[in-house]
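Residue 535 is where the sequence shown starts when you use this note's numbering, and the numbers rise one by one after that.
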Amino acid sequence: MNRRRPRVLTWPCDDAVQEGLFLYNHNVPPYDGGVYHQAPLLLPLFSLLPDVKAWPIFTSLLYILVDLLSADALIGIADSGEAGQSRLFASPRRARRASGLFVAAAFLFNPLTIATCIGRSTSVFTSCAILHAISRAIHGSPLKAMVALSFASYLSMYPLLLAPPLVLLALDRQSPKRREGCVIKSAVKCALAMATCLVVLLAMSFVLTGNSWEFLARTYGIQLTLSDLTPNVGLWWYFFIEMFDSFRAFFLAVFWLHLSSYVGGLTIRIRSQPLVVLTLLLGILAIFKPYPSISDTSLFLAMLPLFWHVFPLMRYTYVASATILYATFLGPAFYHLWIYAGSGNANFFYAITLVWSLGQSLLVSDLAFAILRDEWEVERPEMVGRDVKQI
Numbered sequence: 535m536n537r538r539r540p541r542v543l544t545w546p547c548d549d550a551v552q553e554g555l556f557l558y559n560h561n562v563p564p565y566d567g568g569v570y571h572q573a574p575l576l577l578p579l580f581s582l583l584p585d586v587k588a589w590p591i592f593t594s595l596l597y598i599l600v601d602l603l604s605a606d607a608l609i610g611i612a613d614s615g616e617a618g619q620s621r622l623f624a625s626p627r628r629a630r631r632a633s634g635l636f637v638a639a640a641f642l643f644n645p646l647t648i649a650t651c652i653g654r655s656t657s658v659f660t661s662c663a664i665l666h667a668i669s670r671a672i673h674g675s676p677l678k679a680m681v682a683l684s685f686a687s688y689l690s691m692y693p694l695l696l697a698p699p700l701v702l703l704a705l706d707r708q709s710p711k712r713r714e715g716c717v718i719k720s721a722v723k724c725a726l727a728m729a730t731c732l733v734v735l736l737a738m739s740f741v742l743t744g745n746s747w748e749f750l751a752r753t754y755g756i757q758l759t760l761s762d763l764t765p766n767v768g769l770w771w772y773f774f775i776e777m778f779d780s781f782r783a784f785f786l787a788v789f790w791l792h793l794s795s796y797v798g799g800l801t802i803r804i805r806s807q808p809l810v811v812l813t814l815l816l817g818i819l820a821i822f823k824p825y826p827s828i829s830d831t832s833l834f835l836a837m838l839p840l841f842w843h844v845f846p847l848m849r850y851t852y853v854a855s856a857t858i859l860y861a862t863f864l865g866p867a868f869y870h871l872w873i874y875a876g877s878g879n880a881n882f883f884y885a886i887t888l889v890w891s892l893g894q895s896l897l898v899s900d901l902a903f904a905i906l907r908d909e910w911e912v913e914r915p916e917m918v919g920r921d922v923k924q925i
């Protein structure tokens, strides 16, 4: 990835992987360089590939394969019809849905997906694991879904927030006979399965790094404490650059509390449609997580076509799309003005990241409105087609 371009992929990019891989292949702790902040188990995977400088095609094929696996999971999710008809809710518009091939094509040909693949961001592995977790849940396999989600959480930590709606989705999709047991008991089993898988992955990482737990601070610790303030497309970095150290711990707690507070509220309010909750949370994570990237936005946009049936109820699709396109084109220009031309400052780039986040926020809130309006019209059929006045 060109170092003269803005870090739209933050640090889960090829530069960091190559440095960590170089240290790993020379029997040096991969975290000594201060650049590699990713899961240790990725290093043995990349070490199996030929040198990326001499044979880049093999690394490129790996990323293409991962994207194809993600598209395959999307096809299964779309063809299940869960977006339009769940166990507890059936949309009157469910017949108007996008095919699995259309959803997969929209994901694969999304410029953000292509840019992520070209940039060789390791976040594609996280996205693939999340999509397969949702796919397994839709097929009524809660334990397999938890295993897939544990891999995603091991790689990025944030997918842990998706566990509650994912468990509900998996339990809802089970056959009535298998669903007769206590929901709490089933949820505890899922939590234990996920915890067990995470413990195994962490133990393997412990052995791989020479019986050292240093990787915990260098991977998850850096995300919790925001010690790397490299400019990115998120909202946290500039705020904490300007923050006095005496207030840092307090605002870190506030930001994390804000990010995690959406999980309970959305899961309870839209209990009848767990897939909607998962999609909204993916959009919220793409906006408010400490180190977001265009890969997170790509994943959220990949889930949007699943709700094709409520698109007519959305009000700001054009405005949100135009805002995101505006930020996409101006982001690199503002970064260049700040870093290389010297004719701007950090406010230039942070301003355009605010516009980028605004566009995503419009999409998330508009989708939530459309889903709730769809539910409302089922509860009150006499209000179909009438305007709603928001207060």
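No residue lacks a Cβ here, since even glycine has one placed at the ideal position from N, Cα and C.
_Would Y850 and L809 qualify as a contact pair, given that the criterion is a beta-carbon distance under 8 angstroms?_
Residue numbering aside, residue 850 sits at position 316 when the sequence shown is read from its first letter. Residue numbering aside, residue 809 sits at position 275 when the sequence shown is read from its first letter. No, they are not a contact pair.
*Q493 bridges to which residues according to DSSP?*
Coverage of the chain is limited to positions 535 through 925, which leaves residue 493 absent and any answer about it impossible.
*Out of curiosity, what's the CA-to-CA distance linking L596 and R627?*
Taking the first residue of the sequence shown as position 1, residue 596 is located at position 62. Taking the first residue of the sequence shown as position 1, residue 627 is located at position 93. The C-alpha of L596 lies about 39 angstroms from the C-alpha of R627.
_Boundaries of the alpha helix (DSSP H) in which S832 is found, first to last residue_ = Counted from its first residue, the sequence shown places residue 832 at position 298. It spans I828 to M837 - the alpha helix (DSSP H) in which S832 sits, taken as one unbroken run.
*Three or more beta-carbon pairs under 8 angstroms between the region 647-659 and the region 877-884, yes or no?*
They do not touch, by the three-pair rule.
_For L816 and I591, what's the separation of their Cα atoms in angstroms?_
Your numbering for residue 816 matches position 282 in the sequence shown. Your numbering for residue 591 matches position 57 in the sequence shown. Straight-line measurement puts the Cα of I591 at about 31 angstroms from the Cα of L816.
*Please say whether A679 and A663 have beta carbons closer to each other than 8 angstroms?*
Taking the sequence shown and counting its residues from 1, one reaches residue 663 at position 129. Taking the sequence shown and counting its residues from 1, one reaches residue 679 at position 145. No, they are not a contact pair.
*Report yes or no: do three or more beta-carbon pairs, one from the region 635-654 and one from the region 827-843, lie closer than 8 angstroms?*
Touching, per the Cβ criterion.
*asked:* Check for me: the alpha helix (DSSP H) holding A787 runs from which residue to which?
replied: Translated into positions along the sequence shown, residue 787 becomes position 253. In the DSSP assignment, A787 falls within the unbroken alpha helix (DSSP H) covering D779 to R803.
*Determine the direct distance from the alpha carbon of S687 to that of P824, and round the result to whole angstroms.*
Within the sequence shown, the letter at position 290 stands for residue 824. Within the sequence shown, the letter at position 153 stands for residue 687. Their Cα atoms are separated by approximately 15 angstroms.
*C-alpha distance - Y772 paired with L646, whole-angstrom precision*: Residue numbering aside, residue 772 sits at position 238 when the sequence shown is read from its first letter. Residue numbering aside, residue 646 sits at position 112 when the sequence shown is read from its first letter. C-alpha separation (whole angstroms): 23 angstroms.
*Apart from the five residues just before and just after Y692, which ones in its own chain have a Cβ nearer than 6 angstroms to its Cβ?*
Numbered from 1 along the sequence shown, position 158 holds the residue referred to as residue 692. Hits under 6 angstroms: L819 and K823.
*Could you name the residues of the same chain whose beta carbon sits closer than 7 angstroms to that of L760, not counting the 5 residues immediately before and after it, in chain order?*
Within the sequence shown, the letter at position 226 stands for residue 760. Excluding sequence neighbours, L760 sits near W770, F774, L786 and P824.
_Measuring alpha carbon to alpha carbon, tell me which residue in K587, L665 and G865 is nearest V767._
Here the question's residue 767 lines up with position 233 in the sequence shown. Residue G865 is the option with its Cα nearest to V767.
*For R631, which residues from the same chain have a beta carbon less than 6 angstroms from its beta carbon, with the 5 sequence-adjacent residues on both sides left out?*
Counting from 1 along the sequence shown, the entry for residue 631 is found at position 97. Scanning its chain for C-beta atoms nearer than 6 angstroms, with the 5 sequence neighbours on each side dropped, one finds around R631 the residues G618, W842 and H843, in chain order.
_Taking a contact to mean a Cβ-Cβ separation below 8 angstroms, would you say L871 touches F863 in this structure?_
Position 337 of the sequence shown holds residue 871. Position 329 of the sequence shown holds residue 863. No, Cβ-Cβ distance for L871 and F863 is not below 8 angstroms.
_Whole alpha helix (DSSP H) elements within the region 632-658, 4-residue minimum_ = The region 632-658 contains these whole alpha helix (DSSP H) runs: 634-642 and 645-653.
*Rounded Cβ spacing between P574 and F845 (contact assumed at less than 8 angstroms)*: Indexing the sequence shown from 1 puts residue 574 at position 40. Indexing the sequence shown from 1 puts residue 845 at position 311. Separation of the CB atoms of P574 and F845 is rounded to 42 angstroms, and the pair is thereby denied contact status at 8 angstroms.
*So the alpha helix (DSSP H) Q757 belongs to, where does it begin and stop?*
Stepping through the sequence shown from its first residue, residue 757 is reached at position 223. Taken as a continuous stretch (DSSP letters only), the alpha helix (DSSP H) holding Q757 covers I756 to T759.
*Should the region 669-678 be regarded as contacting the region 688-707, the criterion being three or more beta carbon pairs within less than 8 angstroms?*
Contact between the region 669-678 and the region 688-707 is present, because at least three Cβ pairs lie under 8 angstroms.
*What did DSSP end up calling H673 once you bin it into helix, strand or coil?*
By 1-based counting over the sequence shown, the position of residue 673 is 139. Here H673 sits in coil by DSSP.
_Burial state of W890 (16 or more Cβ within 10 Å)_ = To locate residue 890, count along the sequence shown from 1; it is residue 356. Counting every other CB atom within 10 Å of its CB across the protein chains shown gives W890 a total of 16 or more, marking it as buried.
*For M728, count neighbouring Cβ atoms within 10 angstroms of its own Cβ and tell me buried if that reaches 16, exposed if not.*
Within the sequence shown, numbered from 1, the residue matching residue 728 stands at position 194. Residue burial is scored here from C-beta neighbours: M728 has at least 16 other C-beta atoms within 10 angstroms and is therefore classed as buried.
*Using 10 angstroms around the beta-carbon of G567, count the other beta-carbons present and answer buried if the total reaches 16, otherwise exposed.*
Within the sequence shown, numbered from 1, the residue matching residue 567 stands at position 33. When all chains shown are included, G567 counts as exposed.
*Mapping DSSP to helix, strand and coil, what is W910?*
Your numbering for residue 910 matches position 376 in the sequence shown. If DSSP states are grouped into helix, strand and coil, W910 belongs with the helices.
*By a C-beta neighbour count over all protein chains shown, 10 Å radius and 16 as the cutoff for buried, is G744 buried or exposed?*
For the purposes of this step, residue 744 is taken as residue 210 along the sequence shown, with counting starting at 1. Exposed is the label assigned to G744, since fewer than 16 other Cβ atoms lie within 10 Å of its Cβ.
*Tell me where the alpha helix (DSSP H) around C716 begins and ends.*
Mapped onto the sequence shown, residue 716 falls at position 182. Premise fails: C716 is in no alpha helix (DSSP H) and is neither H nor E.
*Roughly how many angstroms lie between the CA atoms of G893 and T831, to the nearest whole one?*
Locating residue 893 in the sequence shown gives position 359, counting from the first residue. Locating residue 831 in the sequence shown gives position 297, counting from the first residue. Approximately 11 angstroms, taken between the alpha carbons.
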